[in-house]
Amino acid sequence: MKSVKKRSLAKSKTILWEPGQKLQGGRYVIEKKLRPGGFGATYLARDERGNAVAIKTANEKVQQRRDFAKCQQDFLNEVLCLAKCSHPHIVRANELIYEEPLWCLVMEYIEGSNLDRLVENEGFLPEAEALRYIRQIGSAIALVHERGLLHRDIKPLNILLRCESEEEEARRSLQAEAVLIDFGLARSFSQNSAQVQEPYISKGYAPIEQYDKRALRGTYTDVYALAATLYSLLTATTPEPAKLRDRSWAKEQKDSLVPPQQINIDISDRVSSAILKGMAIEPEHRPQTVADWLQLLDISRACIAHHANPEINLETNPEINPELNPNLAEEAAPETDNSRLWSSAVGMDYSKLRDLLELGQWQEADRETAAIMLAVWGKEKDGRLRGAEVKDFPCRDLRAIDRLWLEYSNDRFGFSVQNRIWRNLDKDYEQFGDAIGWRVGNSWLPYSELTFDTSAPEGHLPSWGRRGRLWSLLGSRVKNCGL
30 MKSVKKRSLA
40 KSKTILWEPG
50 QKLQGGRYVI
60 EKKLRPGGFG
70 ATYLARDERG
80 NAVAIKTANE
90 KVQQRRDFAK
100 CQQDFLNEVL
110 CLAKCSHPHI
120 VRANELIYEE
130 PLWCLVMEYI
140 EGSNLDRLVE
150 NEGFLPEAEA
160 LRYIRQIGSA
170 IALVHERGLL
180 HRDIKPLNIL
190 LRCESEEEEA
200 RRSLQAEAVL
210 IDFGLARSFS
220 QNSAQVQEPY
230 ISKGYAPIEQ
240 YDKRALRGTY
250 TDVYALAATL
260 YSLLTATTPE
270 PAKLRDRSWA
280 KEQKDSLVPP
290 QQINIDISDR
300 VSSAILKGMA
310 IEPEHRPQTV
320 ADWLQLLDIS
330 RACIAHHANP
340 EINLETNPEI
350 NPELNPNLAE
360 EAAPETDNSR
370 LWSSAVGMDY
380 SKLRDLLELG
390 QWQEADRETA
400 AIMLAVWGKE
410 KDGRLRGAEV
420 KDFPCRDLRA
430 IDRLWLEYSN
440 DRFGFSVQNR
450 IWRNLDKDYE
460 QFGDAIGWRV
470 GNSWLPYSEL
480 TFDTSAPEGH
490 LPSWGRRGRL
500 WSLLGSRVKN
510 CGL
């Protein structure tokens, strides 16, 4: 494979292929441009035998980016992901070509609508039809996970219907097959490992962990998107974005997601419950694998074993029928208030901080807070955070730290208290230091002279951000996190 050229197109002409354009010396002829994408442009073309193919490459916007070389590398990563994932319900990659100055992927052309357009034209789908598509895509995602990858962009727009006939009867008679496309955001992962990934978001379908640059990743990440996709198919509505749901819970202890049955009363209780479990805000409260979640929908693990595509009898199979197997009907353990309030993006344990605050050991709690701030980013050895890391600090962890300080100080200490004072003083750092007792007589106090008890001025603790004047960055993040 050729190496990616370190070339930027920022000041060169954008490549936009027109109908009739020949690629690879005439091996492919462009017919028209297909659907636009956030990063890629896809064209319908014909090969030398007259067969229709789809050719994907970087779109005009990406071609103008300064980091175009990196974008090209990301594109090659997408090709490698597809090469690892041969499955009846994943778009087939045929060939990688280089058409100066762009890498291009030649894929099978799927003549049919995507599920987003189908729902837009027809409204919500019958439950049986929606479940058929979800089962097929679930089978595909199971393979993706086996290959050590997360798709990270499952949504109706990225699911096409492959069928021999465009007639509705053909679709309803089980001839249509759902096919997953667009692996541009696919990345390798280690289950329950805190990893750094750029937070690209499809609002309504991305789980809360995808909003954080550093967070725990796992198969449950795609479970959320698959459940959100089913929500959309059955309600003809894009779900409330996870970030807004998370903020609603933080402020009002109420999930702002409208249950699917309130939109479509024909959704069965079992399917509605499975959707809500699959879309739990915190990853630990979701089914941990696609197979686990499909079971909640009466779709057996056997349906995705060896990537088969069987039509199974739900009435007589005890493995999946709750009437024959009562264990399947058990409800998942409910989320406790504390688990929601102290949720961590990276799996941080806040019990030590809680215990120190409960005992009134304020200085030890302050030091533990500083240690947590480093540990959230895996910077224990470095001993400090960079400005960019403060700006991207996970909101759930800021909230957990803040809530613990508020609870055990009777609302005297905490990041949110400091942020209120900071903004009331028009972000004047010296006045801020005076108000919360970090500065006395125009002099900034050393750490040893801070007051570690409740007689300290309001907002005195925690002291993180005092050195290096990082509070302005932290204050911006606190505000963005809705504290």
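Residues 30 to 512 (the working numbering) make up the sequence shown, in order.
Ideal Cβ positions, reconstructed from N, Cα and C, are used throughout, including at glycine.
Small disclaimer: the values here were computed from a predicted structure and weren't measured.
Query: At 3 residues or longer, what runs of the beta strand (DSSP E) sit wholly inside the region 48 to 90?; Result: 57 to 65, 69 to 75, 81 to 87
Query: To which residues of the same chain is T248 closer than 6 angstroms at the C-beta, ignoring the five residues directly before and after it?; Result: H174, T318
Query: Over what stretch of residues does the beta strand (DSSP E) that includes L189 continue unbroken?; Result: 188 to 191
Query: Do you know how far the Cα of S222 is from the Cα of P363?; Result: In this predicted model, P363 has a pLDDT of only 40, less than 50, meaning its place in the structure is not dependable; the value taken from the coordinates is given anyway. In a straight line, the C-alpha of P363 is about 24 angstroms away from that of S222.
Query: Can you tell me where the alpha helix (DSSP H) with W500 in it begins and where it stops?; Result: 500 to 509
Query: By alpha-carbon positions, which one of L262, L286, Q447 ends up nearest to K272?; Result: L286
Query: Can you look up P423 in the DSSP assignment and give me helix, strand or coil?; Result: coil
Query: Buried or exposed, going by whether 16 or more other CB atoms sit within 10 Å of the CB of T250?; Result: buried
Query: Do V375 and A244 have their C-beta atoms within less than 8 angstroms of each other?; Result: yes
Query: Expressed to the nearest angstrom, what Euclidean distance is found between the alpha-carbon atoms of A477 and S492?; Result: According to the sequence displayed, residue 477 carries Ser and not Ala. Rounded to the nearest angstrom, the two C-alpha atoms are 12 angstroms apart.
Query: What are the boundary residues of the alpha helix (DSSP H) that includes C100?; Result: 97 to 113
Query: Expressed to the nearest angstrom, what Euclidean distance is found between the alpha-carbon atoms of D241 and E459?; Result: 31 angstroms
Query: In the DSSP assignment, find the unbroken alpha helix (DSSP H) run with S222 in it and report its ends.; Result: From DSSP, S222 is part of no alpha helix (DSSP H) but of the beta strand (DSSP E) over 222 to 225.
Query: In or out: G49 buried (at least 16 other Cβ within 10 Å) or exposed?; Result: exposed
Query: DSSP on T365, reduced to helix/strand/coil?; Result: Its pLDDT being 44, under 50, T365 is placed unreliably by the model, and nothing is read from it.
Query: May I ask which residues mark the beginning and end of the beta strand (DSSP E) holding L131?; Result: 131 to 137
Query: What residues are listed by DSSP as bridge partners for V375?; Result: DSSP, once it has assigned bridges, lists no residue as partnering V375.
Query: Keeping to the same chain, check which residues put their C-beta closer than 6 angstroms to that of A303; ignore five residues upstream and five downstream.; Result: L325, L326
Query: When the distance is taken between beta carbons, is R274 closer than 8 angstroms to I310?; Result: yes
Query: DSSP state of W493, grouped into three classes?; Result: coil
Query: Going by CA-CA distance only, name the one from A87, Y234, P155 that's closest to M180.; Result: For the record, residue 180 in the displayed sequence is His; it is not Met. H180 has its Cα closest to that of Y234, out of A87, Y234, P155.
Query: Take I166 and list the residues in its own chain whose beta-carbon comes closer than 8 angstroms to its own, dropping the five residues that flank it on each side.; Result: H118, I183, I188, A207, L209, L255, T258
Query: Under a three-way DSSP split, which group does E128 fall into?; Result: strand
Query: Express the C-alpha separation of E313 and F442 in angstroms, rounding to a whole number.; Result: 29 angstroms
Query: Here's the rule I'm using: 16 or more other beta-carbon atoms within 10 Å means buried, otherwise exposed. How should C510 be labelled?; Result: buried
Query: Per the contact definition of three or more C-beta pairs closer than 8 angstroms, is the region 79 to 92 in contact with the region 135 to 142?; Result: yes
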